[in-house]
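Novice:
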Amino acid sequence: MPAVLGATLGISSFLVLGVSSLIGGAGLLAPLAAGLGIAVVTGGGTGLLLRNRAPQPPRLGRSATEIPTATRSMLEKILRDTRLQRRRLHRMRRRTRGRALAEILNRAETMLLRIDALLGAGSIQSRRASDGDVMMLEGMAERYIPELIDALESTVGFLDPSTAEDARDRAIANLESIDEQLAVLDGRLDRLEDDVISGVTRSLDVHAEFLRARFADERRDTFLDH
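In terms of the working numbering, the sequence shown is residues 2 to 227.
Structure, rendered in structure tokens:
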């Protein structure tokens, strides 16, 4: 980015100043030096700004519940892990082709996005860091999914048609195994999402029942009854 921005401004400046210089009857040496100077200053300054810019830590969405300190640290760590793994998947997607592989990459990325969505649920944020579901999400983001992505990265190179048939068959078997293991983790996420949504539904039902009872009392408690 610094190189592209500097070069663009430098060339633009040289063209503008060069045309003006030619119209005025002067040479191109001064416009060339000015263009180079602008390119160096712009590119160097942009690079310095980008280099000194500290990476922003991942942030959790606003929640009505108070997040325990240890839980917040755990959830932010999970967010960092899922972001890192999504970047790995994007790089792999650019380098590889194939429908079967694309489906596995989509499944893995979707799971990471679902983990991020669960981290925003108040029922998850209110739990302790040692809670089984929170630790399960951490295990998925830090160990299980990354290890399967490692296996994918090691396998995709053997899917090329020029690879020996035996090696290619083993690579395809590895892909099937990876997909099966992702499906198992996917099922566990399904159960956790059902638990979270069911909890929200129960809360809404209780709230709705309270409102129905409250408004029924107010209808009975009219001015004519006094």
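We treat Cβ as the ideally placed atom computed from N, Cα and C, and that holds for glycine.
Owing to the predicted nature of the structure, the values given are computational and were not obtained by experimental measurement.
Between threonine 83 and isoleucine 116, which are expected to be in contact by the criterion C-beta below 8 Å, what is the C-beta distance as a whole number of angstroms?
Specialist: Here residue 83 corresponds to residue number 82 of the sequence shown, with the count starting at 1. Here residue 116 corresponds to residue number 115 of the sequence shown, with the count starting at 1. Contact flag correct, Cβ pair sits at about 6 Å.
Novice: If distances are taken between C-alpha atoms only, which option among Ala130, Ser124, Ala118 comes closest to alanine 71?
Specialist: For the purposes of this step, residue 71 is identified with residue 70 of the sequence shown, where counting begins at 1. Residue Ala130 is the option with its Cα nearest to alanine 71.
Novice: Determine the direct distance from the alpha carbon of arginine 100 to that of leucine 80, and round the result to whole angstroms.
Specialist: Counted from its first residue, the sequence shown places residue 80 at position 79. Counted from its first residue, the sequence shown places residue 100 at position 99. Between leucine 80 and arginine 100, the C-alpha separation is close to 28 Å.
Novice: For leucine 119 and arginine 87, which I take to be in contact (beta-carbon distance under 8 Å), what is that distance rounded to the nearest angstrom?
Specialist: Residue numbering aside, residue 119 sits at position 118 when the sequence shown is read from its first letter. Residue numbering aside, residue 87 sits at position 86 when the sequence shown is read from its first letter. Their Cβ separation, rounded to whole angstroms, is 15 Å, which puts leucine 119 and arginine 87 out of contact at 8 Å.
Novice: Under a Cβ-count criterion, where at least 16 other Cβ atoms within 10 Å of its own Cβ denotes burial, should alanine 168 be classed as buried or exposed?
Specialist: Counting from one through the sequence shown, the residue named residue 168 turns up at place 167. Result: exposed.
Novice: Which of the three DSSP states is assigned to glutamate 139 in this structure?
Specialist: Counting from 1 along the sequence shown, the entry for residue 139 is found at position 138. Reduced to three states, the DSSP call for glutamate 139 is helix.
Novice: For methionine 155, tell me which candidate among Glu166, Leu138, Ile173, Ser163 has the shortest Cα-Cα distance.
Specialist: Taking the first residue of the sequence shown as 1, we reach residue 155 at position 154. A small fix is needed here, since residue 155 is serine in this sequence, not methionine. The shortest C-alpha separation from serine 155 is found at Ile173.
Novice: Counting Cβ pairs closer than 8 Å, one from the stretch 120-127 and one from the stretch 178-187, do we hit at least three?
Specialist: The stretch 120-127 is not in contact with the stretch 178-187.
Novice: Tell me the rounded alpha-carbon separation between arginine 96 and leucine 176.
Specialist: Mapped onto the sequence shown, residue 96 falls at position 95. Mapped onto the sequence shown, residue 176 falls at position 175. Whole-angstrom Cα-Cα distance: 17 Å.
Novice: Output the boundary residues of the alpha helix (DSSP H) element that contains alanine 122.
Specialist: Your numbering for residue 122 matches position 121 in the sequence shown. Premise fails: alanine 122 is in no alpha helix (DSSP H) and is neither H nor E.
Novice: Take leucine 149 as the anchor and find which of Ser178, Met136, Asp132, Glu166 has the nearest alpha-carbon.
Specialist: By 1-based counting over the sequence shown, the position of residue 149 is 148. Comparing Cα-Cα distances from leucine 149 to each of Ser178, Met136, Asp132, Glu166, the minimum goes to Ser178.
Novice: Can you list, in chain order, the residues of its chain with a C-beta nearer than 7 Å to that of methionine 141? Leave out the 5 residues immediately preceding and following it.
Specialist: Stepping through the sequence shown from its first residue, residue 141 is reached at position 140. Closer than 7 Å at Cβ, skipping near neighbours: Ile116, Leu186.
Novice: Starting from arginine 81, trace the alpha helix (DSSP H) in both directions and tell me its first and last residue.
Specialist: The count along the sequence shown starts at 1 and reaches residue 81 at position 80. Looking at the DSSP string, the run of the alpha helix (DSSP H) that includes arginine 81 is 70-96.
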